[in-house]
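Since the structure comes first, as structure tokens, the remarks are kept for the end.
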Amino acid sequence: MKLIGEKGVKRILMLTAFSAISALLLIALFILNEGLPFIFKYGVKDFLFSSDWNPHLGKYGIYPMIVASLWVTFGALVIGAPLGVAGAFFLTEYVPKSIMRIIKPTIELLAAIPSVVYGFIGVMVLAPLIRNNFGGPGLSLLAASIILGIMILPTVISISIDSIMAVPQSYREGSLALGATTWQTIHMVTVKASKSGIIASIILGMGRAIGETMAVIMVAGNSVNIPHSPLDSVRTLTANIALEMSYATGLHRQALFATGVVLFIGIIILNSIASVVLRKRAVKK
Amino acid sequence: MKTKFHIKDLDLFFKEEKVLKQINFEIPANKILGIIGPSGSGKTTFLRALNRMNDLEDGTRIEGNILLDEEDIYKPDYDVVALRKKVGMVFAMPVPLPMSIYENVVYGVRLSGVNDSKLLDELVEKSLTASYLWDEVKDRLKTSGMRLSGGQQQRLCLARVLAMEPEVILLDEPCSGLDPISTAKIEDALTVLKKDYTIILVTNNTKQAARVADNTAFFLMGELIEIGSTGQIFTTPNRIETNDYITGRFG
Amino acid sequence: MRIHPRYTQRGAIAVLGGATLLTLLILAFIIFFILEKGLPGISLSFLTTNPTDMGRAGGIFPTLIGTIILPLLAIIIATPLGIFTSVYLSEYTKENKATRIIRFGTDCLAGIPSIIFGLFGYIFFVVTLGFGWSILSGGLTLAVMILPTIIRTSEEAIRAVPKSYREVSFSLGATSWQTVKKVILPNALPGIVTGIMLSIGRAIGETAAVIFTAGSSLRIPSSVFDSTRTMAVHFYILAREGISAENAYATAATLIIAVLIVNLSAYWLMHRFIAKRS
Amino acid sequence: MFKKILVFSSALLLIAIMWGCGKGKTSITLAGSTAFQPFAEKLADQYMATNNNVVITVQGGGSAVGIQSANSGAAQIGMADLVTLPKEAKDLTATVVAKDGVAIVVNPLNKVTDLSTDQVRDIFNGKITNWKEVGGIDAPITVVSREAGSGTRSSFEQIVTGINLKKDALIQDSNGTIRETVANDANSIGYVSHGLINEKIKALKIDDQECTVENIVSGKYKLVRPIFLLVKGSLEGETKNFIDYILSDEGQKTIKAEGLLPAK
């Protein structure tokens, strides 16, 4: 690296950062380019707020899917985030390090299980469980939320563990020395110091939950319906794209890309809300 | 007597706030300058201006000049890396890097491209001896620097600076967290070291300044109130604020 | 009302421990479920022979190759890009609107479904650049897909390195790059490795993006311009077209055993590296 | 350490790129319908066993990808299991190489064994919602269908006619997942490729006709859909040879043995 010099290093880093970011930008442009024209042609209002999705009749209304996506993501976070963060705190603060060193890679293993496998477990185990205990078709909003909640666990736990571990030991010792219990130390000191990483873990987990397709397609039931209870079958935006893409041509295909545009914008809005809410709460503390 | 630093009309701003106001004085070479003053008086900020550590904080800006050996260290193309090699620094909290004692000491030298292990070995012994740590750690140089006690860690930090053979050593309240014995060891080291180095010691402990400093400067609210020989400052201060501070009436 | 700390402590242990137990039980169940269905189908010949009869019989040898080579290529491309980007963002630029927008954009892209990455890869790499369905197209697509995770986790890890380490390093005359190389990256390593492991996981488990870009050919690839099939895709095809549930689960079981070995050895290497340093 | 990793990875990358380049064989790529993909793989293997100057690669991606890639040239042959080809396929030469029977299936625990076309229509449209209305137990019917555009669904709707799928029908996007769904829900009804019927699901008689190969071939059983191979321009060279092989007695025998129906 000496050959290149400090300025050269900076330039190389800038170049990589730039190329990584432009690759990501390219994706964003790709989605917009394929989908935006359709939205304007079909009409923003009809596309977003009509409940009639019937591609072979030329009806493309995605309102029920927007509602379903929000519910499923919310449900996944309600299930996955508390479990994951609680687990991360327990594993770092109460469990010996040697044990955690085995548990953590095992949890990360779950990130590598293909989502189709989760889907099959959902269809074969979870859906009958829900159907027999609560009624409904089983393949439902609830099933999708639970499966997604489980799928985001590795992301939430792993990244949270790292940020909790990064809190200097002296903070904990300082608190414990003042007579605080481990729990008081966690919620008064450790949470605050590791907050940024925990938030990142939840946001990445939320990203995974919104973006997941295969597992959701298999367990959500996919009816184009505004859900009235967690037991109703729903279709999310992502499911809609992946479900019909393999046979879609012409306008139908454009409509699916337009669904992608809506999804993208939705993610932007959700992320903005998340960062604003979290920042506000942070300021209060 | 040779002048090491020459500070001319120095103003330092952090964002909109003026932290240092019109500082003007000279720092002679091969002496220990003690800087005293209450918390928030700008003494640490001043110290960090001397090796441009303030550059790392966003929103810091200076006016005026700081000359090191008559060369302005804030002129545009000045080599900051070379400056920091010439002007070493020991921080208030001992921060050993998470590596072995040995590697901590040679960190700065390795950065300059020295890799000859015999040379490094000699350097480690010399630096650790000069910082009064050698006897305590010579058998465990490969263990982590973080396993040392606070006092040992701070002496390790001093050794780390000495290893680079700088011309100036800046110390920012180096003994604030240490026991009297460790403090004494560091003070002993400093009195020996001033033969070869210019030492600037920021301290909250006026007695420490009285013990080791040749000259003492008193800072208050971002201003240099008074500077003179340590004897004069502590016996016949010219300013009432100085007198109040050293007799413990405020601060 | 103020509850005595002793009780909040007990309550906390109960709640946190309960949550952990539940999590571990779910995870154990999933692993058990796959192994129970899949282990009986695994044998040496299953691992070393080619599939025959549409995957109903024979082994999964070509998909083993695909599962190794494709995520490896993606990681080789994405890791340096991702780490350098996060280093640039956190160490070389001041926190300003641009970095915030970039961070925000990365967060958003983490939520784009993989099928979109797949379609992008299909149109961009497979058709426009003419790479065809190939390891190269697949690797590049997967690299772009995992980039947000790597950038974000690396950045978090880098930000968690104490500021005092940077100060010490700079005060000893280090340049920015020397500080990054000697102090920041080694100390951020655990977090960066987590990001990489999660990304490898995602690349290995991905199906949609892979089918559209790397294809699903069952032959052993002879160059990066050849198509390949990963175990995840193999499972996908076998299970979803209802060809052979038995071989599908045997594939899934092989997959998780392989990933477990990779994960554990990666962490072992990392801990050894850290232990050696300090 | 980092330098080492860097050097190592760039070396790996280089090797990967250098590693082998083309071998002067004719190469044919098929892409598209996931339903036909495994059959195409098997046919390709058989063909390559006797014609070792040809390398055939089979990719999935769905029928739409089949049409797109045949058009763009990413694949020489597109595979599609659509009933009617869309206008994007107008420049493509379509050959029907196989047919597939669509079986209407229920859970094996279901007492019902046969339905009329009208009953099927009413169930899928939501007019009949309880199994007792068609001779079963008193339980609500769960309807499972394929996604819009799917070849199986189009043929199902075309032959049953008058389908306006009820809103809360479950949708699955592959034969395998429909089979799992029906196998795990005692009150569900769905439709799959007849080659997929096994002990976990039960095929119904429709208008008293059983879904068997004989009945489909003889035309008594009406739920049948075609599988197309699509080629840009006219058929020629190795591409033609391969399609001819699929249409030959040997090729058609394989198709039949694996659970599809011969084209003729």
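Chains as they are written, first to last, in numbering that gives the first Met the number 0: chain H, 0 to 284; chain A, 0 to 250; chain V, 0 to 277; chain F, 0 to 263. Positions of the beta carbon are idealized from the N, C-alpha and C atoms, including for glycine.
With respect to the C-alpha of G135 of chain H, the residue from F:D184, F:S149, F:N109, F:N124 having the closest C-alpha is F:D184. If the five residues before and after T182 of chain A are omitted, its C-beta is found closer than 6 Å to the C-beta atoms of C174, all from its own chain and listed in chain order.
Between G259 of chain H and G34 of chain H, the gap from beta carbon to beta carbon is short of 7 Å. Secondary structure of I225 of chain H (DSSP, three-state): coil. With respect to the C-alpha of D231 of chain H, the residue from H:T105, H:K96, H:A126 having the closest C-alpha is H:A126.
Every unbroken stretch of the alpha helix (DSSP H) spanning 4 or more residues and falling wholly within the stretch 47-126 of chain H is given here in chain order: 62-92, 96-108, 114-120. Annotated as distal: G83 of chain H and L147 of chain H, with beta-carbon spacing of 7 Å or more. Under the Cβ criterion (8 Å, minimum of three pairs), the stretch 76-83 of chain A does not count as touching the stretch 151-161 of chain V. Judged by DSSP secondary structure, F227 of chain F falls outside any alpha helix (DSSP H) and instead within the beta strand (DSSP E) spanning 223-231. If you look at N239 of chain H, you'll find it isn't in any beta strand (DSSP E); it sits in the alpha helix (DSSP H) that goes 236-244.
Here the stretch 141-153 of chain A does not lie against the stretch 201-214 of chain A, with fewer than 3 beta-carbon pairs under 8 Å apart. The alpha-carbon of T116 of chain F is positioned some 26 Å away from that of K255 of chain F. Residue environment for E198 of chain F: exposed (fewer than 16 other C-beta atoms within 10 angstroms of its C-beta). In this structure, the beta-carbon distance from V181 of chain F to N124 of chain F does not fall below 7 Å. Contacts between V215 of chain H and chain F, judged by CB atoms closer than 7 Å, are missing: the closest CB pair is about 11 Å apart. At a cut-off of 7 Å between beta-carbon atoms, E5 of chain H makes no contact with chain F. Residue pairing by DSSP puts V101 of chain F in a beta bridge opposite F:S192. If you check the CB distance, L228 of chain F and I27 of chain F do not come in under 7 Å.
Burial state of N103 of chain A is buried, judged by a 10 Å Cβ sphere holding 16 or more other Cβ atoms. Contact check for I82 of chain V and I149 of chain V: beta-carbon distance about 7 Å, within the 8 Å limit, so the pair qualifies.
Residue pairing from DSSP places E25 of chain A in a beta bridge opposite A:H5. Contact note: R10 of chain H does not reach chain F at a C-beta cutoff of 9 Å; the least C-beta distance is about 17 Å. Beta bridge pairing from DSSP links A93 of chain F with F:L229. By DSSP's assignment, P153 of chain H forms no beta bridge with any residue. A direct Cα-Cα distance of roughly 16 Å separates F133 of chain H from A219 of chain H. Annotation: Cβ neighbours of K166 of chain F in chain H (cutoff 8 Å, chain order): S222, V223, N224. Distance from A74 of chain F to L91 of chain F at the Cβ level is roughly 11 Å; contact not present, criterion being Cβ atoms closer than 8 Å. Taking 7 Å as the threshold, the shortest C-beta distance from A73 of chain F to chain V falls below it.
At least one beta carbon of chain A lies nearer than 7 Å to the beta carbon of Q177 of chain V.
Excluding its 5 nearest sequence neighbours in each direction, I26 of chain A has C-beta neighbours in its own chain below 6 Å: K3, F4, L32, listed in chain order.
DSSP places F218 of chain A inside the beta strand (DSSP E), whose first and last residues are 214-219. For T181 of chain H, the uninterrupted alpha helix (DSSP H) run begins and ends at 181-184, by DSSP.
H233 of chain V counts as buried, since no fewer than 16 other beta carbons sit within 10 angstroms of its beta carbon.
Note on geometry: alpha-carbon atoms of I198 of chain A and V190 of chain H lie some 41 Å from one another.
A residue is called buried when at least 16 other Cβ atoms come within 10 angstroms of its Cβ; S44 of chain V does not meet this threshold and is exposed. Within the same chain, Cβ atoms closer than 7 Å to the Cβ of Y101 of chain A are found at V123, L140, K141, the five residues on either side in sequence being excluded.
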